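Student: Dumping the structure here so I can ask a few things about it.
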Amino acid sequence: MALRLGDTAPNFTAETTEGTIDFHQWLGTGWGILFSHPADFTPVCTTELGAAAKLKPEFDKRSVKCVAISVDPLSSHQGWIGDINETQSCSMNFPIIADPDRTVSNLYDMIHPNADSTFTVRSVFVIGPDKKVKLTLTYPASTGRNFLEILRVIDSLQLTAQFRVATPANWENGNDCIITPAVKDAEIPALFPKGARHVKPYLRYTPQPNR
Ligand code: BEZ
92 MALRLGDTAP
102 NFTAETTEGT
112 IDFHQWLGTG
122 WGILFSHPAD
132 FTPVCTTELG
142 AAAKLKPEFD
152 KRSVKCVAIS
162 VDPLSSHQGW
172 IGDINETQSC
182 SMNFPIIADP
192 DRTVSNLYDM
202 IHPNADSTFT
212 VRSVFVIGPD
222 KKVKLTLTYP
232 ASTGRNFLEI
242 LRVIDSLQLT
252 AQFRVATPAN
262 WENGNDCIIT
272 PAVKDAEIPA
282 LFPKGARHVK
292 PYLRYTPQPN
302 R
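Residue numbers (this note's numbering): 92 to 302.
Right, here's the structure in full:
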């Protein structure tokens with residue numbers, strides 16, 4: 092069955108370009124992103140890995156570890172990394188899992204047979220420090236993912252895990268937040284000393300609490 096939000100991210104042991112990992116141990120106490128690529132030496136995947144590698148300082152700032160996966164073997168990944176570094180002007184700085192027997196891809200339901208019976212779709216799993224799945228995204232092979240959007244969602248996930256707020260449409264880090272409906276008006280001054288803007292009884296904004 093497909094993984095759902097709130098499920099525990101399944102643990103596994105796998106060969107990667109940075110050695111064998113036990114996934115949960117490798118994640119440690121921080122956040123993680125596991126994202127799949129249909130195959131090595133493919134153009135869209137090459138650009139995605141370069142984009143993610145260049146954003147590593149941003150992921151590090153948020154205590155997020157990245158790991159990619161493709162169903163090709165380790166020797167193929169190692170050759171591909173040379174191309175990624177060359178064509179994307181980057182230096183690959185996170186592991187790629189080799190999954191030739193599709194163990195991890197099946198565990199995370201990354202192969203969607205009606206899209207392609209062999210290769211993974213472009214899945215993204217954001218995993219919290221409690222090892223629970225916090226976000227899933229599924230893109231088709233033909234559409235490269237937006238890693239700035241993934242960072243934006245992580246900002247929202249980390250903020251809303253800490254404060255009783257939600258983030259509105261198109262929110263960016265630093266913008267006003269929505270006070271969650273469970274917060275009573277009487278609680279607002281203590282919880283949100285920066286103040287609140289009441290648009291409707293159910294729509295109340297506050298400046299981002301951790302800024
Ligand atoms: C790509 O990564 O470029 C790609 C992979 C599979 C199908 C289409 C594009």
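Don't be surprised by glycine CBs; every beta carbon is placed ideally from N, CA and C. None of the values given here were measured: they were computed from a predicted structure.
(1) Which one of Ile269, Tyr293, Ala273 has the shortest CA to CA distance from Gly286?
(2) According to DSSP, is Ala144 part of a helix, a strand, or is it coil?
(3) If you reduce the DSSP assignment to three classes, tell me which class His115 lands in.
(4) What is the chain-ordered set of residues for which the beta carbon lies under 5 Å from any non-hydrogen atom of the ligand BEZ?
(5) Should the region 227-247 be called in touch with the region 162-172, which here means at least 3 C-beta pairs below 8 Å?
(6) Compute the Euclidean distance between the alpha carbons of Gly265 and Phe210, then round it to the nearest angstrom.
(7) Among residues of its own chain, excluding the 5 on either side of Ala142, which ones have a beta-carbon nearer than 7 Å to its beta-carbon?
(8) Where are the alpha helix (DSSP H) runs, 4 residues long or more, that stay fully inside the region 173-214, in chain order?
(9) Can you tell me the Cα-Cα spacing of Phe126 and Ile279, whole angstroms?
(10) For Ala105, report the span of its beta strand (DSSP E) as first-last.
(11) For the region 149-174, list the beta strand (DSSP E) runs that are entirely contained and at least 3 residues long, ordered along the chain.
(12) From Thr194 to Thr120, what distance separates their C-alpha atoms?
Tutor: With the given structure in hand:
(1) Counting from one through the sequence shown, the residue named residue 286 turns up at place 195. For the residues Ile269, Tyr293, Ala273, the minimum Cα distance to Gly286 belongs to Ile269.
(2) Position 53 of the sequence shown, counting from 1, holds the residue named residue 144. Three-state DSSP puts Ala144 in a helix.
(3) By 1-based counting over the sequence shown, the position of residue 115 is 24. If DSSP states are grouped into helix, strand and coil, His115 belongs with the helices.
(4) Pro129, Thr133, Pro134, Val135, Cys136, Ala232
(5) no
(6) Translated into the one-based positions of the sequence shown, residue 265 becomes position 174. Translated into the one-based positions of the sequence shown, residue 210 becomes position 119. When rounded, the distance between both Cα atoms is 39 Å.
(7) Position 51 of the sequence shown, counted from the start, is the residue given in the question as residue 142. For Ala142, where only same-chain residues beyond five positions count, the Cβ hits under 7 Å are Phe238.
(8) 194-198
(9) One-based indexing of the sequence shown puts residue 126 at position 35. One-based indexing of the sequence shown puts residue 279 at position 188. Between Phe126 and Ile279, the C-alpha separation is close to 38 Å.
(10) For the purposes of this step, residue 105 is taken as residue 14 along the sequence shown, with counting starting at 1. First-last of the beta strand (DSSP E) with Ala105: 104-107.
(11) 155-161
(12) Along the sequence shown, read from residue 1 onward, the residue named residue 194 stands at position 103. Along the sequence shown, read from residue 1 onward, the residue named residue 120 stands at position 29. Whole-angstrom Cα-Cα distance: 24 Å.
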